[in-house]
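Protein chains in written order, with the numbering used here: chain U, 1 to 508; chain E, 1001 to 1508.
For every residue, glycine included, the Cβ atom is placed at its ideal position computed from N, Cα and C.
Right, one structure below, let's go through it.
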């Protein structure tokens, strides 16, 4: 930077701030393809055939009953439900193409539809790690810190299941975990679907804090949950119950088979997606049987295993291809859908970044509405790293920046500036630069662009070490958004009453 | 993995090997856009206006003379050459849309055209680093090791300038560096364009080793070079000379302005690309004036600076957008072109991986024919890291895998396998899996997918540490491809004669 420029800058009493809105992103990319249109149709038709001829094993009697009443062929001995394509097609007609999930503020409402793009942090991890305290079983404190960090960054539009608060007993965990979300954040919360009572509790807690009547709540999405099938072709009791409970309550569930090629799914991308597609369609059908028009998301999470050890792998070319193929299937249906990033590294290193970036790009190029596990995941989700959270949020923010327009008006094309600066000169002090430099570029959160000498002088700290400072500062300086104290009081009274009554255990 | 599977596998006397061909990749992605068609046209037209009205400062008298003879307006006092659009349009008509560069073997020939995809390692670095020897000025040994590693991986289809062999004096460096390429590798070499004598020497050395007659050499691309303009709007003596010499010799040059937004180029993406496009067109025009039909590549390398320090930044959203926009301009011309990945981190950490992956994805989605600096770059190119080279080659190979078809025939869709495995079962031992598992998935080079316990037991080594083992093994076990001993003898005699005669200094 020139002295002139520095001088001019020093005189700025108030520096201009770059203001960007990452809260409602539209995916700027043309969706990519790995299959021909004919192959997409063949996979879709084969998935319908899987549901008709092979069926799903559905462990919940009430779900089997509902499927039977809709015309499915149910064998009560084997619990196999064979679902005709008429049932699936009716569900695809009634499932909404678009809906919005309401946050604590209007600006936090999240549109869920093809073309929208949202990111969530890694979810479901039994362990948490950071470079000072090390790897340990996740606690409620870790969960709450994850909520604080999520609240801090607009590019994470929704909360996620985050880490498992293992220090809270399972019959009370949903109270603690949802309370943390509702009191530390005004973003769309994640609600548990581990038993009917837990779902009811969660819905009631959200209703209280959002100040919604029962009718309003039933008519408006206020939270999301994830339903995982037990691939291959099985829907267990809590998950089937969750689909029904969330659909009846008008709350969206995301039906996500987790299909590891070569393990719980065929070893080929097309085969794994055929299975995944069939299972997702079965879940979507159940949601629409429970309540036609209920908000629901298609989901896909397919990667491969290491065929030498059976260990799950992420960020592989097969996962990128599966993500892109899943996007083709989601567009075939016209439904909003979730995809995921992932990483199987054990530490926040170059492997970890590579795997998360590859699978995140796969999700974004696939046109996913929700990119789950986009930040923080290590070990295929067994651990969330607070430092990786921050280094991955740099990636998430970069994607968010790519959603912003790239101006190409006369001012941006800048002929006048090109005329102003002589050959071999520089643009540091050009009028065109002076007008724009404070807001021209994305400002990174963790990248250090200083030269090797300066970086060495400052302690030669890598991105992980710098990320540690960043997340701890966010947590230490955090103040929650304003939330009506009376509602929190009511929430706490509800939790106390339910705790008194014995809480609500998960079912299995 | 099940016991059954392990048992079956143990009995395989000879394991099947996965065979893939990374040598001639076709880009599988639909090119992305950041500008409307109208904006692309506006940038192109403004670039033509820049050349016509503002002109380029051309330091080489012979280049000015050639431009003048072609109808450009030349001011000998200011050395400004104003280039009419008729000259540029004639050049765009004569520049070839496609050519192939010949390697030492037919399988090493590299097609250069829109739709082809190639990767090169980081180039031009004065320093080299590895985690044992640390960061030091680059040497011929480092250069040679880089050639060995490049030769090892098919996904790096060409050699690159690599690191600067600073232990060899500049008047002899091109002999040593090109000799290393020609004796350690059968891939397309990088040739120097730092003076007319150096270019002539390089061409002669390649001609000798490839066994080409002078006519054959002049009719066939055998090497590539990079021409960097001095942005803004200046073409220096060696670069202008290089364009002329390579065009006359029938050898391709890649005309690459290096436009840092806010420093040597306007602070906007559209402005930087307008400048870059104008300069590239000027270089291409000179090549076609020197020899109509000479092979030439369009080039773009635009990123932004940190506006607080003026330091170059890479992997930023602005760079990704510039890459994609440059692709739109290259397609407007119809010419093959080079783009680049990049990274400004000081160490092979999560920042380094993030920046390289972002800019590499930008290049790939932009439809670049050549992705330079795709592996190994740190510090914005001031250093090549051997460990980052390996972790980035994992990324390059992942891109190469994404170029391969994703089968979706009946066998891949796998209805029979879905029927074979019961609900809740697994596919490890399915016939469909057994037939395919040995070759189904990409096998990573540096990723470690073992669980945290095993990884810890084995020493908790991160990707950088593992990469060190990998590159040192490649270098230690390296044996060069077979090259005719008589030709090497002739090459060495040529070098001896030229050295005796005083070598060939670069000009400036």
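Between which two residues does the alpha helix (DSSP H) containing residue i stretch?
i              : result
residue 1393/E : 1386-1402
residue 361/U  : 350-365
residue 1086/E : 1085-1094
residue 1375/E : Element bounds for residue 1375/E: n/a, residue is neither H nor E.
residue 1182/E : 1170-1184
residue 54/U   : Segment: none, residue 54/U is in no alpha helix (DSSP H) and carries neither H nor E.
residue 1208/E : 1196-1210
residue 514/U  : Since the first and last residues shown for chain U are 1 and 508, residue 514/U lies out of range.
If you measure between the beta carbons of residue i and residue j, is that distance less than 8 Å?
i              : j              : result
residue 114/U  : residue 334/U  : yes
residue 1314/E : residue 1355/E : yes
residue 282/U  : residue 83/U   : yes
residue 390/U  : residue 1030/E : no
residue 131/U  : residue 432/U  : no
residue 570/U  : residue 339/U  : For chain U, the structure presents residues 1 to 508; residue 570/U sits outside this window and is missing.
residue 374/U  : residue 392/U  : yes
residue 1070/E : residue 1384/E : no
residue 429/U  : residue 1271/E : no
residue 1243/E : residue 1253/E : yes
residue 1482/E : residue 1184/E : no
residue 329/U  : residue 149/U  : no
residue 414/U  : residue 1274/E : yes
residue 969/E  : residue 1143/E : Residue 969/E lies beyond the residue range present for chain E, which begins at 1001 and ends at 1508; the question has no answer from this structure.
residue 346/U  : residue 387/U  : no
residue 220/U  : residue 192/U  : no
residue 350/U  : residue 1449/E : no
residue 1255/E : residue 1227/E : yes
residue 64/U   : residue 286/U  : no
residue 58/U   : residue 240/U  : yes
residue 247/U  : residue 210/U  : no
Which whole-angstrom value describes the C-beta separation of residue i and residue j, a residue pair presumed to lie in contact below a C-beta threshold of 8 Å?
i              : j              : result
residue 1108/E : residue 1403/E : The pair is not a contact, with the Cβ atoms about 18 Å apart (cut-off 8 Å).
residue 1145/E : residue 1507/E : Not quite, the Cβ-Cβ distance comes to about 29 Å (not below 8 Å), so this is no contact.
residue 261/U  : residue 320/U  : At roughly 13 Å, the Cβ-Cβ gap does not stay under 8 Å, so residue 261/U and residue 320/U are not in contact.
residue 332/U  : residue 40/U   : 6 Å
residue 327/U  : residue 352/U  : Actually they are not in contact, since the Cβ atoms of residue 327/U and residue 352/U sit about 24 Å apart, beyond 8 Å.
residue 112/U  : residue 98/U   : 7 Å
Hey, could you find the ends of the beta strand (DSSP E) residue i is sitting in?
i              : result
residue 190/U  : Unbroken run through residue 190/U: none, as it is neither H nor E.
residue 434/U  : Here residue 434/U belongs to no beta strand (DSSP E); instead the alpha helix (DSSP H) covers 431-436.
residue 1370/E : 1370-1372
residue 1117/E : 1116-1119
residue 1112/E : 1110-1113
residue 225/U  : 225-227
Have a look at the options and flag the residue whose alpha-carbon is nearest the alpha-carbon of residue i.
i              : options                           : result
residue 312/U  : 378/U, 332/U, 278/U and 285/U     : 378/U
residue 1445/E : 1152/E, 1250/E and 1120/E         : 1152/E
residue 1437/E : 243/U, 323/U, 266/U and 327/U     : 266/U
residue 510/U  : 91/U, 212/U, 101/U and 61/U       : In the structure as shown, chain U starts at 1 and stops at 508, and residue 510/U therefore has no counterpart that could be examined.
residue 1236/E : 1504/E, 1080/E and 1485/E         : 1080/E
residue 1166/E : 1063/E, 1382/E, 1075/E and 1274/E : 1382/E
residue 1269/E : 1034/E, 1442/E and 1016/E         : 1034/E
residue 17/U   : 486/U, 439/U and 465/U            : 439/U
residue 1160/E : 1174/E, 1361/E, 1169/E and 1213/E : 1174/E
residue 1399/E : 1370/E, 1409/E, 1407/E and 1417/E : 1370/E
residue 1223/E : 1427/E, 1233/E, 1240/E and 1204/E : 1204/E
residue 422/U  : 1233/E, 1299/E and 1420/E         : 1233/E
residue 307/U  : 1380/E, 1376/E, 1395/E and 1443/E : 1443/E
residue 1217/E : 1074/E, 1427/E and 1249/E         : 1249/E
State yes or no: is the C-beta of residue i nearer than 7 Å to some heavy atom of the ligand PLP?
i              : result
residue 1379/E : For the ligand PLP, the structure offers nothing, since it holds no ligand at all.
So residue i contacts chain B; which residues on that side make the cut at Cβ distance below 9 Å?
i             : result
residue 142/U : Going by chain labels, chain B is absent from the structure shown, which instead holds the protein chains U and E.
Whole runs of the alpha helix (DSSP H) within the stretch 123-154 of chain U, excluding any shorter than 4 residues: 140-152
Jot down the residue ranges of each uninterrupted alpha helix (DSSP H) in the stretch 1302-1350 of chain E, minimum 4 residues, whole runs only, in chain order. 1317-1333
Length-filtered (4 minimum) alpha helix (DSSP H) runs lying within the stretch 1415-1502 of chain E: 1415-1420, 1431-1436, 1452-1457, 1463-1476 and 1485-1500
Restricting to runs no shorter than 4 residues, where is the alpha helix (DSSP H) found entirely within the stretch 1234-1306 of chain E? 1237-1248 and 1269-1290
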